[in-house]
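In this note's numbering, the protein residues as written are 7 to 580. In this text, a Cβ means the ideal position worked out from N, Cα and C, and glycines have one as well. This report refers to the structure that appears directly beneath it.
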């Protein structure tokens with residue numbers, strides 16, 4: 007009798023533990039069913055308007071990738087890190103992007119849904135990790151577009167100066183930089199947002215025109231500059247290391263690769279437009295990989311000409327388009343006094359026009375990507391419904407676009423670019439890592455799922471993508487890590503107080519164990535924030551008193567918050 011009672015109690019305990027684990031798995035780590043994803047893709051009444059073809063997606067990718075980064079980053083990286091071997095750095099960076107791009111292409115062909123890495127993570131790694139990546143993508147798209155808008159404003163000022171028009175600094179810079187607000191930056195954000203509200207087809211047509219313009223300018227620079235290349239400028243091709251890590255030699259090539267990687271950011275934005283593609287299973291891989299390939303070829307040729315017409319040491323200390331201007335000034339014939347008279351002085355103005363056009367398309371594609379990510383998150387109940395409402399006439403998430411127009415405009419008007427610029431990069435690299443992990447998980451969990459495109463050499467290619475992106479993240483400054491951790495902690499707050507209560511898949515009910523998991527993860531982020539802040543504060547080369555005390559105060563508040571939320575869950579009813 008005693009043995010039967012003990013067996014009964016053990017059985018009850020085992021079933022309770024099984025149900026607890028089952029509830030836990032069905033809570034935080036519930037995966038969105040593949041069939042549901044496909045059903046959403048084919049839904050037409052509530053879906054976004056399908057207007058994009060393969061060429062339009064390729065143009066979308068090129069529009070997002072080629073910005074002013076090519077014109078401004080190349081010279082500086084050559085002068086201080088790689089020398090003429092900057093071309094090798096572009097190849098190394100392209101390999102890292104290619105690994106992630108191949109993974110993006112497989113997911114985009116399998117899951118043709120708006121939302122990019124967020125949607126892929128929801129299908130493979132569960133809701134909690136999908137939320138993390140969705141929130142992280144705000145850094146790449148929304149904050150990134152604000153950064154680009156600030157730079158657009160600076161180049162507009164330079165361009166207008168050619169015509170004797172001088173915009174005062176009080177209306178072209180943030181309060182932190184001695185101004186009142188950055189009006190041109192707000193203007194371009196509003197203009198691109200209104201274009202997106204009008205419709206994807208119209209936006210794609212505008213983007214196509216811009217892509218044609220800036221690619222034409224890059225090709226003109228390459229074609230005209232090729233005849234002025236001096237082979238002696240390539241000697242030595244890989245300058246000897248100075249004794250400092252990252253200054254020439256092999257380490258310099260790798261450091262330069264981490265720098266010029268940021269010129270590639272944007273190709274993944276193609277995947278956010280999956281629901282607006284006419285044939286996403288075929289066209290999404292084409293759009294992602296072909297745009298990345300075309301830009302890589304253009305980047306290598308551009309860097310080869312730039313370091314061939316002028317010695318790499320002449321680019322030192324230059325900012326903005328100055329390195330390109332140095333190269334253009336060397337495209338001419340030397341007079342009797344040894345001074346080179348440029349044959350194409352008009353090319354500097356053309357480069358600025360290409361930069362303004364390039365930045366405009368980058369801003370548009372980033373804003374579009376951000377609105378599509380939040381569109382998907384809203385349909386899943388993780389953020390308010392307003393972000394997934396579709397305009398009855400234009401069939402675009404117009405209110406979504408409007409809200410981000412306001413949010414990004416505030417950043418662009420009042421926040422300096424150096425605060426948010428590197429946040430964009432670290433957020434992008436983090437997104438790439440999760441997508442690469444997702445491909446490995448999907449191959450294990452759903453090996454028979456239909457794939458119009460398969461990433462080759464799995465798991466080798468995803469692992470190489472993870473390693474490359476993580477390697478680049480490690481080389482970013484510590485203050486960038488502080489801002490990343492703080493931003494993710496804000497995301498945890500949103501998930502705890504809204505997402506978990508309104509999740510459609512979980513019907514808004516989670517166990518105490520789920521709340522404890524999120525809270526303990528948050529406490530881990532608190533510890534990370536404190537450690538990174540102390541390490542950064544102990545660096546004698548930086549003055550971060552304000553950031554240091556902000557980090558400690560932010561960590562203290564969130565310690566109390568996460569402890570408080572540990573017991574807020576509800577047991578699911580049978």
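Exercise. Hey, how far is the Cα of residue 370 from the Cα of residue 198?
Worked result: Taking the chain shown and counting its residues from 1, the one referred to as residue 370 is at position 364. Taking the chain shown and counting its residues from 1, the one referred to as residue 198 is at position 192. C-alpha separation (whole angstroms): 5 angstroms.
For this session: Could you tell me if residue 146 is buried or exposed, where buried requires 16 or more neighbouring beta carbons within 10 angstroms of its beta carbon?
Result: Here residue 146 refers to the residue found at position 140 of the chain shown. By the neighbour-count rule (16 or more Cβ atoms within 10 Å), residue 146 is buried.
Problem set entry | Where residue 107 sits in the DSSP three-state scheme | As a first step, residue 107 must be located in the chain shown, where it is residue number 101. Residue 107: helix per DSSP, three-state reduction.
Problem set entry | Contact under 8 angstroms by Cβ, residue 318 with residue 90 | Sequence index remark: in the chain shown, residue 318 carries index 312 (1-based). Sequence index remark: in the chain shown, residue 90 carries index 84 (1-based). Against a cut-off of 8 angstroms, the Cβ pair of residue 90 and residue 318 comes out as a contact.
Exercise. What residue does the alpha helix (DSSP H) around residue 414 start on, and which one ends it?
Worked result: Residue mapping note: residue 414 aligns to position 408 of the chain shown, counting from 1. Run containing residue 414: 404-420, per the alpha helix (DSSP H) assignment.
For this session: Identify every residue that forms a DSSP beta bridge with residue 58.
Result: What you label residue 58 is simply residue 52 of the chain shown in a count that begins at 1. Note: residue 58 sits in a beta bridge opposite 283.
For this session: Quick one: give me the first and last residue of the beta strand (DSSP E) that residue 347 is part of.
Result: Here residue 347 is taken as the residue at index 341 of the chain shown, counted from 1. Segment 346-348, the beta strand (DSSP E) holding residue 347.
Exercise. For the region 477-515, which segments carrying the alpha helix (DSSP H) assignment without a break, of at least 4 residues, lie completely within its bounds, in sequence order?
Worked result: 484-500
For this session: Over the uninterrupted alpha helix (DSSP H) stretch that includes residue 84, give me the two end residues.
Result: As a first step, residue 84 must be located in the chain shown, where it is residue number 78. Element bounds for residue 84: n/a, residue is neither H nor E.
For this session: Could you say if the region 351-360 and the region 164-175 meet the contact criterion of at least three C-beta pairs nearer than 8 angstroms?
Result: yes
Exercise. Is the beta carbon of residue 321 less than 8 angstroms from the beta carbon of residue 132?
Worked result: Looking up residue 321 in the chain shown gives position 315. Looking up residue 132 in the chain shown gives position 126. Taking 8 angstroms as the Cβ cut-off, residue 321 and residue 132 do not qualify as a contacting pair.
Exercise. In whole angstroms, what is the alpha-carbon distance linking residue 378 and residue 403?
Worked result: Along the chain shown, read from residue 1 onward, the residue named residue 378 stands at position 372. Along the chain shown, read from residue 1 onward, the residue named residue 403 stands at position 397. Roughly 8 angstroms separates the two Cα atoms.
For this session: Assuming residue 376 contacts residue 417 (C-beta within less than 8 angstroms), just tell me the rounded distance between them.
Result: Sequence index remark: in the chain shown, residue 376 carries index 370 (1-based). Sequence index remark: in the chain shown, residue 417 carries index 411 (1-based). About 12 angstroms; that fails the 8 angstroms criterion.
Exercise. Looking at C-alpha atoms only, which residue of 526, 62, 188 is the closest neighbour of residue 419?
Worked result: To locate residue 419, count along the chain shown from 1; it is residue 413. Measuring from the Cα of residue 419, the nearest candidate turns out to be 188.
Problem set entry | Among 221, 386, 163, 373, nearest to residue 153 - alpha-carbon criterion | If you number the chain shown from 1, residue 153 lands on position 147. Checked all of 221, 386, 163, 373; the closest Cα to residue 153 is 373.
Exercise. Taking all protein chains shown into account, do 16 or more other C-beta atoms lie within 10 angstroms of the C-beta of residue 8, making it buried, or fewer, making it exposed?
Worked result: As a working mapping, residue 8 is identified with position 2 in the chain shown. In this prediction, residue 8 scores a pLDDT of 44, lower than 50, which makes its location untrustworthy; no coordinate-derived value is stated.
Exercise. Hey, how far is the Cα of residue 561 from the Cα of residue 521?
Worked result: Taking the first residue of the chain shown as position 1, residue 561 is located at position 555. Taking the first residue of the chain shown as position 1, residue 521 is located at position 515. Their Cα atoms are separated by approximately 19 angstroms.
Exercise. DSSP three-state call for residue 185: helix, strand or coil?
Worked result: Numbered from its first residue, the chain shown carries residue 185 at position 179. In this structure, residue 185 counts as coil in the three-state DSSP scheme.
For this session: Please classify residue 340: does DSSP put it in a helix, a strand, or coil?
Result: Translated into the one-based positions of the chain shown, residue 340 becomes position 334. The answer is strand: DSSP assigns residue 340 an E or B state.
Problem set entry | When 455, 413, 257, 219 are compared against residue 88, the one with the closest alpha-carbon | Start at 1 with the first residue of the chain shown, and residue 88 comes out as number 82. Of 455, 413, 257, 219, the residue nearest in Cα terms is 257.
Exercise. Taking contact to mean at least 3 C-beta pairs separated by less than 8 angstroms, is the region 293-303 in contact with the region 267-276?
Worked result: yes
Exercise. Taking DSSP as the reference, what is the three-state secondary structure of residue 178?
Worked result: For the purposes of this step, residue 178 is taken as the residue at position 172 of the chain shown. Reduced to three states, the DSSP call for residue 178 is strand.
Exercise. Hey, would you say residue 511 sits closer than 8 angstroms to residue 38, going by beta carbons?
Worked result: Along the chain shown, read from residue 1 onward, the residue named residue 511 stands at position 505. Along the chain shown, read from residue 1 onward, the residue named residue 38 stands at position 32. A contact, by the Cβ cut-off of 8 angstroms.
For this session: Pick out the complete beta strand (DSSP E) segments inside the region 516-556, 3 residues or longer, and give them in chain order.
Result: none
Exercise. Out of 265, 557, 414, which has the shortest C-alpha to C-alpha gap to residue 480?
Worked result: Working through the chain shown from its first residue, we reach residue 480 at position 474. Ranking the options by Cα distance to residue 480, first place goes to 265.
Exercise. Quick one: Cα of residue 513 to Cα of residue 507, how far?
Worked result: Walking along the chain shown from the start, residue 513 turns up at place 507. Walking along the chain shown from the start, residue 507 turns up at place 501. Distance between the alpha carbons of residue 513 and residue 507: 8 angstroms.
Exercise. Nearest CA to the CA of residue 350: which residue from 492, 231, 509, 499?
Worked result: Position 344 of the chain shown, counting from 1, holds the residue named residue 350. Nearest C-alpha to residue 350: 231.
Exercise. Given 8 angstroms as the limit, is there contact between the region 429-437 and the region 219-230, that is, 3 or more CB pairs closer than that?
Worked result: no
Exercise. Is it right to say residue 29 is buried, meaning 16 or more other beta carbons lie within 10 angstroms of its own, or is it exposed?
Worked result: The residue given as residue 29 occupies position 23 in the chain shown. Reliability fails at residue 29, whose pLDDT of 42 lies under 50, so the model's placement of it is uncertain and no value is given.
Exercise. Leaving out the 5 sequence neighbours to the left and right, which residues in its chain are closer than 6 angstroms to residue 85 when beta-carbon positions are compared?
Worked result: Counting from one through the chain shown, the residue named residue 85 turns up at place 79. Closer than 6 angstroms at Cβ, skipping near neighbours: 318, 321, 322.
Exercise. So is residue 564 buried or exposed if we call it buried at 16+ other beta carbons inside 10 Å?
Worked result: Here residue 564 refers to the residue found at position 558 when the chain shown is read from its first residue. Flag for residue 564 reads buried.
For this session: Just mark residue 336 as buried or exposed, buried being the case when its beta carbon has 16 or more other beta carbons within 10 Å.
Result: Start at 1 with the first residue of the chain shown, and residue 336 comes out as number 330. With 16 or more other Cβ atoms within 10 Å, it is buried.
Problem set entry | residue 381 burial status per 10 Å Cβ neighbour count (16 or more: buried) | For this step, residue 381 is matched to residue 375 along the chain shown. So residue 381 counts as buried.
Exercise. By the 10 Å Cβ neighbour count, where 16 or more other Cβ atoms means buried, how is residue 525 classified, buried or exposed?
Worked result: As a working mapping, residue 525 is identified with position 519 in the chain shown. Residue 525 comes out buried.
Exercise. From this set, 519, 453, 528, which residue's C-alpha is nearest residue 113's C-alpha?
Worked result: Position 107 of the chain shown, counted from the start, is the residue given in the question as residue 113. Per the Cα distances, 453.
For this session: Pair every Cβ in the region 282-294 with every Cβ in the region 97-116, then say whether three or more of these pairs are closer than 8 angstroms.
Result: yes
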